[in-house]
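Undergrad: In this note's numbering, the protein residues as written are 2 to 285.
Backbone N, C-alpha and C fix where the C-beta goes; we use that ideal spot for every residue, glycine too.
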Amino acid sequence: MTRKQLTEQIQIKKSYLTVGLDTDITKIPKHLQSHPDAIFEFNKAIIDATKDLCVSYKINTAFYEALGVKGWQAMEKTVNYIPTEHFRIADAKRGDIGNTSSQYAKAFFETLNFDAITVAPYMGEDSIRPFLEYENKWTIVLGLTSNAGSKDFEQLRLVSEDTNQGKVVCEDTNYGGEFLYEQVLKKVSNWGNKDNLMFVVGATKASDLEKIRKIIPDNFLLVPGVGFQGGSLKDVSKYGMNKDCGLLVNASRAIIFASEKEDFAAEARVIAQQYQNEMAEYLK
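(1) When the Cα atoms are used, what is the spatial distance from residue 159 to residue 180?
(2) Following the continuous alpha helix (DSSP H) through residue 44, name the residue where it begins and the one where it ends.
(3) Measuring CA to CA, which of 129, 232 and 241 is closest to residue 103?
(4) Taking 8 Å as the threshold, find out whether the segment 145 to 158 comes into contact with the segment 106 to 116 through three or more Cβ pairs.
(5) Who pairs with residue 252 in a beta bridge, going by DSSP?
(6) Please look up how many angstroms separate the CB atoms of residue 46 and residue 270, rounded, as I've assumed it's under 8 Å.
(7) Name the DSSP bridge partner or partners of residue 56?
(8) Determine the direct distance from the alpha carbon of residue 3 to that of residue 23, and round the result to whole angstroms.
(9) Residue 199 lies in the beta strand (DSSP E); which residues open and close that run?
(10) For residue 61, is the classification buried or exposed, using 16 other Cβ atoms within 10 angstroms of its Cβ as the cut-off for buried?
(11) Can residue 186 and residue 221 be called in contact, C-beta distance under 8 Å?
(12) Kindly indicate the opening and closing residues of the beta strand (DSSP E) around residue 143.
(13) Got a sec? Which residues, its chain only, sit under 8 Å from residue 157 by beta carbon, not counting five neighbours each side?
(14) Identify the residues that DSSP records as bridge partners of residue 227: which are they?
(15) Buried or exposed for residue 276, please, with buried defined as at least 16 other CB atoms from any protein chain shown within 10 angstroms of its CB.
(16) With DSSP run on the structure shown, which of helix, strand or coil describes residue 85?
(17) Of the choices 38, 120, 235 and 18, whose alpha-carbon is the least far from that of residue 26?
(18) I need the DSSP call for residue 288, collapsed to helix, strand or coil.
(19) If you draw a straight line from the alpha carbon of residue 35 to that of residue 10, how long is it in whole angstroms?
(20) First and last residue of the alpha helix (DSSP H) that includes residue 8?
Structural data, given as structure tokens:
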């Protein structure tokens, strides 16, 4: 999918909602759990109920890989069922040496019909380059995530100890004591462009979005963390939106597990509609 196609869908639907299909088989309604194809049947109902309200679906591959072959088959059937006008994200968080990443890229961009994949940048450019080589496919790089552990590395300042003075000083004056995630955004943004490179920025970090937008003003951001994680859609939209919208805001559990009963799809639609209504206001 091209950037133009994605932005057109946002404008048509007045939505930048991504529905996360983090389908945990232990949490789907009991009447479906005994179904021979339970995961797909659940996903199919969610997609049918929400497809006119969202522009994207994000499949967290861990929930499918954990089920072995049956889970992988359910994932393949799900991505093929998603309408072609929707942006299809494999939330797989891959990233390895170049030849391994090439195989991951082939798996998700050729064997499976995804438009985008999430990747971890820790191993550097050669681990991400194979994904960027695909035309009209997107690489979504972890930037600033919403989990508590983001403080362990992402939010470390680029400093070192001056053993002569016993002080902590900037390792490089060009860094100015910036956070590691800021340097990741700056460096990675030069590996691709606004048409093939997105970044993950957690909604619970909305206060940092204004600063992030100064570093990467044009790239789309995939923003998880609204809903159960407490992120504010209003703040994300205020500080993260650019002239093309530039946002894909993900909601998973809040939508797909809105009900544990047979009305789960209808209730999922109610919540998705609430998100879409709010987004339409911010897009005006």
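TA: Looking at the coordinates:
(1) Spanning the two alpha carbons is a distance of roughly 6 Å.
(2) It spans 39 to 51 - the alpha helix (DSSP H) in which residue 44 sits, taken as one unbroken run.
(3) That would be 129, whose Cα lies nearest to the Cα of residue 103.
(4) Fewer than three Cβ pairs drawn from the segment 145 to 158 and the segment 106 to 116 lie within less than 8 Å of each other, which leaves the two stretches out of contact.
(5) DSSP lists 20 as the bridge partner or partners of residue 252.
(6) Here residue 46 is actually not in contact with residue 270; their C-beta atoms are around 10 Å apart, not less than 8 Å.
(7) Note: residue 56 sits in no beta bridge, so no partner.
(8) Using only the alpha carbons, I get a separation of about 25 Å.
(9) Note, residue 199: beta strand (DSSP E), 198 to 202.
(10) Classification of residue 61: buried, given that the 10 Å Cβ count is 16 or more.
(11) Not a contact, by the Cβ cut-off of 8 Å.
(12) Segment 139 to 145, the beta strand (DSSP E) holding residue 143.
(13) Closer than 8 Å at the Cβ level, and outside the excluded window around residue 157, lie 180 and 181.
(14) Under DSSP, the beta-bridge partners assigned to residue 227 are 232.
(15) The residue in question, residue 276, is buried, as its Cβ has 16 or more Cβ neighbours within 10 Å.
(16) Coil, per DSSP.
(17) For residue 26, the closest C-alpha among the options 38, 120, 235 and 18 is that of 38.
(18) Beyond the ends of the chain as shown, which are 2 and 285, falls residue 288; an answer cannot be given.
(19) Note on geometry: alpha-carbon atoms of residue 35 and residue 10 lie some 36 Å from one another.
(20) For residue 8, the uninterrupted alpha helix (DSSP H) segment begins and ends at 4 to 14.
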